[in-house]
Structures are given as C-alpha cells and as structure tokens.
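Beneath this line is the structure, given in structure tokens, with notes to follow.
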Amino acid sequence: MSENVARRGFLVGGAVLLAAGCTSNEPAAAPSSAAPVPSPAAGGNDEPGQKVTIGFSAPAADHGWIAAIAKNAESAAKQYADIDFKPVEPTNDINQQISAVESLIAAKVNALVILPNDGQQLNQVALQAAQAGIPVINLDRVFPDKLAYRTWIGGDNYGMGVAAGHYIGKQLKDKGVANPVIVEIQGIATLPLTQDRSKGFADALKTYGFSVTAKQDAKFTVETGNQVATSLLQAHKKIDALWNHDDDQGVGVLAAIKEAGRDEFVMVGGAGSLNAMKEIQAGTSVLKATVTYSPTMASSAVKLARLIAQGKGMSDLVENQVPQSITLASETITKENVDKYLALGFES
Numbered sequence: 001m002s003e004n005v006a007r008r009g010f011l012v013g014g015a016v017l018l019a020a021g022c023t024s025n026e027p028a029a030a031p032s033s034a035a036p037v038p039s040p041a042a043g044g045n046d047e048p049g050q051k052v053t054i055g056f057s058a059p060a061a062d063h064g065w066i067a068a069i070a071k072n073a074e075s076a077a078k079q080y081a082d083i084d085f086k087p088v089e090p091t092n093d094i095n096q097q098i099s100a101v102e103s104l105i106a107a108k109v110n111a112l113v114i115l116p117n118d119g120q121q122l123n124q125v126a127l128q129a130a131q132a133g134i135p136v137i138n139l140d141r142v143f144p145d146k147l148a149y150r151t152w153i154g155g156d157n158y159g160m161g162v163a164a165g166h167y168i169g170k171q172l173k174d175k176g177v178a179n180p181v182i183v184e185i186q187g188i189a190t191l192p193l194t195q196d197r198s199k200g201f202a203d204a205l206k207t208y209g210f211s212v213t214a215k216q217d218a219k220f221t222v223e224t225g226n227q228v229a230t231s232l233l234q235a236h237k238k239i240d241a242l243w244n245h246d247d248d249q250g251v252g253v254l255a256a257i258k259e260a261g262r263d264e265f266v267m268v269g270g271a272g273s274l275n276a277m278k279e280i281q282a283g284t285s286v287l288k289a290t291v292t293y294s295p296t297m298a299s300s301a302v303k304l305a306r307l308i309a310q311g312k313g314m315s316d317l318v319e320n321q322v323p324q325s326i327t328l329a330s331e332t333i334t335k336e337n338v339d340k341y342l343a344l345g346f347e348s
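Residue numbers for the sequence shown follow UniProt numbering, beginning at 1 and rising by one.
Written out as structure tokens, the structure reads:
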C-alpha cells in the first residue's frame, strides 16, 4: 500500500538498530545487498530474440525488501542482450510515480513492469499503458482493474501464514505440547496483506487443534518490533511459539528476545531476509525458520515482460502465451535447507 515508513536509529540493549518498513505492500532501504543472478536455461526462450525495451517503476528503496526488488529486476535484465532496460527514478510519491510511468508510455516502451506504491491510485495510468498497446506486468501490489495489466505476479500472503502455521503446529505436536501459548507479531493490522497472513496462520494452526493466544502489530519497523516483542514477553511468562510476519521488523523482535534472555520457544520469521537466514544457519537463537515472500519475483517479472513483448509463451507450459496471473509459493527455510536459499536473501 502507500504507507511510508521512515528509517531511523534507536538504542536497544546497547546496540543501535535501524527502524525499517518491510514487506510487500510497504514502500521500502537504501540498497544494501547484491541481487542474486539466476542462471538462464540453455536454449529455447533464453536465446537472443527481438530487441525489446522494458520500462520499470517501483517505490523508493527505504527498506531491504524493496531495495532487493530493484536489484533483482536490473540483474535479470542484464542477462539478456535483447533487453533495453529503462528504469525510472524510484519514488514513494504517488503523483511522481504516475508521471514517471507516463514518461515510459510516451517513450513507447515494449512492456512495462510496475510495482505501484498503491495499486488503486496507479490503476488509471496502468490502464493508459494498456490502451496504448503496452503490456503491463503488475508486480505484487495488484491493480484493481484487470484491464490495467497483462500479467500479475506476486507472493502468497495467505500461504505465508499457512507455511508458518504448519511449521509451528508440527513442532509443537512432535514435542507433545498441549494448550500451547502461541504469539503472533503482525506487520500493519489494517492491511489486507496482514489479514491474509493472519488468516492463513490461524487456518493452519486449527488443523493441529491450536489457536493464537495473543497477537499485536508492529508496523513493519525495527523499533516497533522491539517494543511489541518486549510487551508480549512481559505479558506472557511462558511462550511456546512465536510467528513474526516480517524479517525486517524481526531485527527488533530478536533484540528484545535476547535482551530478555528468553529461549523457551520456537520462532518463525517472514519474507526471507539474509539476516534471518544467517541466524537460522547459526542455530544459536530461538529463530528456527522463516517463510518466504521473495523479492526475486522482480527478476521473474522482467523475464515475463520480455517473453510477452516478444510474443512468446513459457516453454514448460503447453499454452502459447504467458499466464494472466502467477502466485509464488511461500517456502519454509530451516537449518536443513538454508544453504540453498542464502543467495536469494536480502539484507534488512
């Protein structure tokens, strides 16, 4: 959505932490981590074809997830000699993003990849692009009018909750825990994405006979994550499991947990930051897993834009054209499989 969360420093347990907004519908950190470079498949659609110009517009990077979005898009474009990549200045100002997209329409690009600050407010300019014959690949935050985009690609917020719920449910069942205390730290409670995550979590837990004991939102910032976690730890002298929706705010959550000296519960994160993966890999804290909402979707969006602009379909599908909608699975990263995900992590 269009909320902007400013990055700011604060002190926790003697260490200065940075507050940062994070995740899909939050505009996002000055770029901090190198984007992974996916390997093109040999032959087929990856062989050079018709030269195409792909425009790209996204919010300004004021946290790790969106910083990684821009880097992934650029990295994917560099793989292809037949792509002329035209990114416009990232901005968290709605009107400036509209003007930037209009400049790409005027430049008559062959395809547009747009991660809107707000799908509703940029719907009209996306429609203008479509009406001008420019296919729009809508990245993550969806435009309400399906005529505004050719293909949507994004993450699965409900699936994140399901993945987290199944991991926690299985862990508690295997330990024989009855009537567990399960705590949930959300992003921004009023956002549909947060509500989807919470519903998926509750639905998955229900299959194990469990439910959430307490939940509170932390606004996708490190500072509020720390404050909310501190409050919940004080309110619950014993916790069995904790799901934190967002790895960026999780920096503050983990700091609070360490400051309190609590280690009796298992924690699951969300989004798949490099920081979280390294914590999981080390195996020295309560954080045992994170469920993905990967910014690599931007790489896929650029690849899809190229195929659509060149009139190609996806080579592994029977159909001749790229699908209208692609929802990415939320994957569970644990100590057992973290090594294969490290290259895809983003820095908080």
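Using N, Cα and C, we set each Cβ at its ideal position, and we do this for glycine too.
- The stretch 53-84 contains, as complete alpha helix (DSSP H) runs of 4+ residues, the segments 64-78 (chain order).
- Taken atom to atom, the span from the alpha-carbon of Leu112 to that of Tyr80 is near 16 Å.
- In the three-state scheme derived from DSSP, where H, G and I count as helix and E and B as strand, Ile153 is classed as strand.
- With 16 or more neighbouring CB atoms inside 10 Å of its own CB, Asn244 falls in the buried class.
- With a threshold of 16 other beta carbon atoms within 10 Å, Leu344 meets it and is buried.
- For Ala298, there is no enclosing beta strand (DSSP E); the enclosing alpha helix (DSSP H) has its first and last residue at Met297 to Ala309.
- Nearest neighbour of Ser330 by Cα position, chosen from Ala255, Thr284, Asp196 and Gln131, turns out to be Asp196.
- Counted as a single uninterrupted DSSP element, the stretch harbouring Gly269 is not any alpha helix (DSSP H) but the beta strand (DSSP E) occupying residues Val266 to Ala271.
- Just so you know, the alpha carbons of Glu259 and Pro144 end up roughly 44 Å apart.
- Every alpha helix (DSSP H) of 4 residues or more that sits fully in the stretch 135-202 is shown, in chain order, as 157-174.
- By alpha-carbon distance to Leu127, the top candidate from Lys146, Asp84 and Leu115 is Lys146.
- About 7 Å separates the beta carbons of Leu242 and Ile185, which is inside the 8 Å limit, making them a contact pair.
- Asp46: not part of any alpha helix (DSSP H); DSSP gives it neither H nor E.
- Its Cα nearest to that of Gly44, the residue Asp316 stands out among Thr91, Asp316 and Val101.
- For Leu254, the enclosing alpha helix (DSSP H) stretches over residues Asp247 to Ala260.
- For Ala218, same chain residues with a beta-carbon under 6 Å away, outside a window of 5 residues either side, are Ile185, Thr224, Gly225, Val228 and Gln249 in chain order.
- Residue environment for Thr207: exposed (fewer than 16 other C-beta atoms within 10 angstroms of its C-beta).
- Under the 10 Å beta carbon count, Asn337 is surrounded by fewer than 16 other beta carbons and is classified as exposed.
- For the options Val268, Gln216 and Ala132, the alpha carbon positioned closest to that of Thr190 is the one of Gln216.
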